[in-house]
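To start, the structure under review is shown below, and the notes come after it.
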Amino acid sequence: MTTETDIPSKNDYYILMVYAALFGALSALLTVGYITLYSQGVKLFEQVSLMVLNINIWPLVLLTIAGALIGLVIKFIGHNGGLGIAQTEYAQTGRINPRKVPSIILQGFISLWSGAPIGPEGPLVFLTGGFGTFLSERLKLKKNDVQVLVYSSIAGAFGGFFGSPVIGAVGAIEYMFIKELDLNRHLIPGLLAAAVGYAVYSAILQDSFLGIYSFPDYASPRLIDMWWALLVGIIAGFVGIMFKIVFGIVQRVFARLAKRPVSCAIIGGIVIGLIGTFLPLTLYSGQDQLLQIIHNPATYGIGLLLIMVLVKTLITSTSFSTGFEGGPIFPLLFIGGCLGLAISKGLTFIPEGIGVTVGMAAVACAVFPLPLTIALLLGFMGGQTDLLPVIVIGAVTGFLISKAITPLLPKPHSGPTSNE
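Numbering (this note's numbering), first residue to last: 1 to 420.
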């Protein structure tokens, strides 16, 4: 609860808003550079092939090399990233240590370029949050203002990255697990930062992740579709719980190699590369691969779709457990999209548009608590706002299932350390 002493004077608040806009613009510039390097690196390495016995073993070779490089980074610099690290540090200190950012970005680029099944948003949070911390502390701002401007920096990055100021501001709040929200102190500066970030990012790249999906056609909302959305949401929510269970098991398996980060990361790269050699659609963050599946649904049977759900779950868990650095959102959307399409193929009375979008929303929100962000993202990503009601049902269903069951699951083990 905000007390009277916590409320800044009018002039201080106006100055904070100016800083928020500035931080949003600078974060957007960093995001432009980051996304450009990410995209160009993926294009460069993805087009290479290395054929042996009519099998392209390039994913195996590339991911093994990437594992070795990541292991060396962890060994000599330390393992500073990982799932939930940024959120925990921000919740405890109101900042993100900028000294950890270079090694995390290095790990991130190696991981993303190699085809590891993780998203680009994880390192981006460290990059812009660390920058916000560095700049606000150099300006000798108050601790409370530093906290707001770190959030605003991330919101500015997300505003451009996701192609929407609203998604940027809301997404940064949910992604960073900001529980005690003060509308004036957080959301308004964050919204301004996200708007400025969106404008700067769009002016330079004229592109964003908004609109990257083209969902199956959906005529118009029907009351019965709300029930189908609930059914798909329940199934997908429990698949999200399955992801958490598999993730915990994989983490415990690789925990035995925690003090041998090079060996751990190499083995992780080999596992991901071997599987990816035979199922290449499960590599990378998944947005382009899911689009290929959605556009050619007849090519993929129920069995293959469910195999890809299991495989993506396994190799994404392996990536995070062995030191590969990235974000969880896009791999989870891939898992949910494949699952939802499989459900629609099996239960043909459920439209594919509902199956795919609700599956994506429910799986993502069962694993990572982002119901508002995921609902907004999917509602606008495919350009079919008629799907928004069923997407919301899926997101909320997955979130509630996770809230009920997650406390019963074992806590995950920490990742590899720098000793070997």
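For every residue, glycine included, the Cβ atom is placed at its ideal position computed from N, Cα and C.
Problem - Collapsed DSSP secondary structure at residue 18 in the structure displayed - result: Reading the sequence shown from its first residue, position 18 is the one you call residue 18. Note: residue 18 maps to helix in three-state DSSP.
Exercise for the section: Within its chain, find whatever has a CB closer than 6 Å to the CB of residue 159; leave out the 5 residues flanking it on each side and keep chain order. Expected result: For the purposes of this step, residue 159 is taken as residue 159 along the sequence shown, with counting starting at 1. If you ignore the 5 residues before and after residue 159, its C-beta comes within less than 6 Å of the C-beta of 165, 168, 194, 197 and 198, all in its own chain and listed in chain order.
Handout entry: Alpha-carbon spacing of residue 228 relative to residue 50, whole angstroms
Key = Working through the sequence shown from its first residue, we reach residue 228 at position 228. Working through the sequence shown from its first residue, we reach residue 50 at position 50. If I take the Cα positions, the gap works out to 45 Å.
Exercise for the section: Taking 8 Å as the threshold, find out whether the region 284-302 comes into contact with the region 79-96 through three or more Cβ pairs. Expected result: no
Problem - is_contact[residue 14, chain B] using C-beta, thresh 8 Å - result: Of the chains in the structure shown, none is chain B; there is only one protein chain.
Practice task
Compute the Euclidean distance between the alpha carbons of residue 385 and residue 379, then round it to the nearest angstrom.
Solution key: Against the sequence shown, residue 385 aligns to sequence position 385. Against the sequence shown, residue 379 aligns to sequence position 379. Distance between the alpha carbons of residue 385 and residue 379 is about 5 Å.
Exercise for the section: Have a look at 274, 253 and 340 and flag the residue whose alpha-carbon is nearest the alpha-carbon of residue 317. Expected result: Here residue 317 refers to the residue found at position 317 when the sequence shown is read from its first residue. Answer by Cα proximity: 253.
Problem - Rounded C-alpha distance that separates residue 404 from residue 174 - result: For the purposes of this step, residue 404 is identified with residue 404 of the sequence shown, where counting begins at 1. For the purposes of this step, residue 174 is identified with residue 174 of the sequence shown, where counting begins at 1. Taken atom to atom, the span from the alpha-carbon of residue 404 to that of residue 174 is near 19 Å.
Practice task
Within the same chain, show all residues whose beta-carbon is closer than 6 Å to that of residue 402, passing over the 5 residues directly before and after it, in chain order.
Solution key: Walking along the sequence shown from the start, residue 402 turns up at place 402. Closer than 6 Å at the Cβ level, and outside the excluded window around residue 402, lie 366.
Handout entry: Cα-Cα separation, residue 369 to residue 144
Key = In the sequence shown, counting from the first residue as 1, residue 369 sits at position 369. In the sequence shown, counting from the first residue as 1, residue 144 sits at position 144. So the two alpha carbons sit approximately 25 Å from each other.
Problem - Burial state of residue 408, where buried means 16 or more other Cβ atoms lie within 10 Å - result: Indexing the sequence shown from 1 puts residue 408 at position 408. That one is exposed.
Exercise for the section: Counting only the same chain and skipping the five closest in sequence on each side, list residues whose C-beta sits under 6 Å from that of residue 58. Expected result: Position 58 of the sequence shown, counting from 1, holds the residue named residue 58. Closer than 6 Å at the Cβ level, and outside the excluded window around residue 58, lie 48, 49 and 50.
Problem - Reduced DSSP secondary structure (H/G/I, E/B, other) of residue 241 - result: In the sequence shown, residue 241 corresponds to position 241, counting from 1. If DSSP states are grouped into helix, strand and coil, residue 241 belongs with the helices.
Practice task
Decide if the region 326-346 is in contact with the region 239-249; the criterion is three or more beta carbon pairs, one per stretch, under 8 Å apart.
Solution key: yes
Handout entry: Separation of residue 176 from residue 219, as counted between CA atoms
Key = What you label residue 219 is simply residue 219 of the sequence shown in a count that begins at 1. What you label residue 176 is simply residue 176 of the sequence shown in a count that begins at 1. C-alpha separation (whole angstroms): 36 Å.
Practice task
Could you tell me the distance, in whole angstroms, from the CA atom of residue 295 to the CA atom of residue 216?
Solution key: As a working note, residue 295 is residue 295 in the sequence shown. As a working note, residue 216 is residue 216 in the sequence shown. Using only the alpha carbons, I get a separation of about 8 Å.
Exercise for the section: Could you pull out every residue in the same chain whose Cβ sits closer than 7 Å to the Cβ of residue 324, ignoring the five residues on either side in sequence? Expected result: By one-based count along the sequence shown, residue 324 stands at place 324. Answer for residue 324: 70, 111, 116, 118 and 268, listed in chain order.
Exercise for the section: Under 6 Å Cβ to Cβ from residue 287, same chain only, skipping five residues before and after it: list those, please. Expected result: As a position in the sequence shown, residue 287 is number 287, starting the count at 1. Excluding residues within five positions, the ones whose Cβ falls inside 6 Å are 212 and 330.
Problem - Paired residues, beta bridge with residue 52 - DSSP - result: Looking up residue 52 in the sequence shown gives position 52. 55, per the DSSP bridge assignment.
Handout entry: Continuous alpha helix (DSSP H) stretch holding residue 325: start and end
Key = As a working note, residue 325 is residue 325 in the sequence shown. That residue, residue 325, is in no alpha helix (DSSP H); it is neither H nor E in DSSP.
Exercise for the section: Inspect the beta-carbon positions of residue 103 and residue 20 and report whether they are closer than 8 Å. Expected result: The sequence position of residue 103 within the sequence shown is 103, counting from 1. The sequence position of residue 20 within the sequence shown is 20, counting from 1. Cβ distance not < 8 Å, so residue 103 and residue 20 don't count as in contact.
Exercise for the section: Look up residue 41 in the DSSP assignment and say whether it is helix, strand or coil. Expected result: Taking the first residue of the sequence shown as position 1, residue 41 is located at position 41. The answer is helix: DSSP assigns residue 41 an H, G or I state.
Practice task
Report yes if the CB atom of residue 394 is closer than 8 Å to the CB atom of residue 362, and no otherwise.
Solution key: Position 394 of the sequence shown holds residue 394. Position 362 of the sequence shown holds residue 362. Closer than 8 Å, so yes.
Exercise for the section: Use the C-beta contact count for residue 214: other C-beta atoms within 10 angstroms, 16 or more gives buried, fewer gives exposed. Expected result: As a working note, residue 214 is residue 214 in the sequence shown. The residue is exposed, with fewer than 16 neighbouring Cβ atoms inside 10 Å.
Handout entry: Helix, strand or coil at residue 115 [DSSP, three-state]
Key = To locate residue 115, count along the sequence shown from 1; it is residue 115. In the structure shown, residue 115 sits in coil (DSSP, three-state: anything other than H, G, I, E or B).
Exercise for the section: Determine the DSSP secondary structure at residue 92, reduced to helix, strand or coil. Expected result: Position 92 of the sequence shown, counted from the start, is the residue given in the question as residue 92. If DSSP states are grouped into helix, strand and coil, residue 92 belongs with the helices.
Practice task
Quick one: give me the first and last residue of the alpha helix (DSSP H) that residue 202 is part of.
Solution key: For this step, residue 202 is matched to residue 202 along the sequence shown. Looking at the DSSP string, the run of the alpha helix (DSSP H) that includes residue 202 is 188-205.
Practice task
Could you tell me if residue 451 is buried or exposed, where buried requires 16 or more neighbouring beta carbons within 10 angstroms of its beta carbon?
Solution key: Shown here, the chain extends from 1 to 420; a query on residue 451 therefore has no answer.
Practice task
Enumerate in chain order the residues of its own chain whose CB-to-CB distance from residue 230 is below 8 Å, with the five nearest sequence positions on each side excluded.
Solution key: Taking the first residue of the sequence shown as 1, we reach residue 230 at position 230. These residues qualify, in order along the chain: 393 and 397.
Problem - Span of the alpha helix (DSSP H) around residue 175 - result: Counted from its first residue, the sequence shown places residue 175 at position 175. Segment 165-175, the alpha helix (DSSP H) holding residue 175.
Practice task
Measuring alpha carbon to alpha carbon, tell me which of 114, 223, 33 and 184 ends up nearest residue 319.
Solution key: Position 319 of the sequence shown, counted from the first residue, corresponds to residue 319. Cα-wise, what sits closest to residue 319 is 114.
Problem - Unbroken alpha helix (DSSP H) run spanning residue 184, endpoints - result: Indexing the sequence shown from 1 puts residue 184 at position 184. Neither: residue 184 is in no alpha helix (DSSP H) and is coded neither H nor E.
Exercise for the section: Tell whether a beta-carbon distance below 8 Å holds between residue 257 and residue 264. Expected result: Residue numbering aside, residue 257 sits at position 257 when the sequence shown is read from its first letter. Residue numbering aside, residue 264 sits at position 264 when the sequence shown is read from its first letter. For residue 257 and residue 264, yes; Cβs fall inside 8 Å.
Problem - Start and end residues, alpha helix (DSSP H) containing residue 399 - result: Here residue 399 corresponds to residue number 399 of the sequence shown, with the count starting at 1. 388-405 is the extent of the alpha helix (DSSP H) around residue 399.
Problem - Whole-angstrom C-beta distance between residue 314 and residue 246, which should lie under 8 Å - result: Against the sequence shown, residue 246 aligns to sequence position 246. Against the sequence shown, residue 314 aligns to sequence position 314. Residue 246 to residue 314, Cβ: 6 Å. Contact.
Problem - From 305, 155 and 226, residue whose alpha carbon lies closest to that of residue 391 - result: Position 391 of the sequence shown, counted from the first residue, corresponds to residue 391. With distances taken between Cα atoms, residue 391 lies closest to 226.
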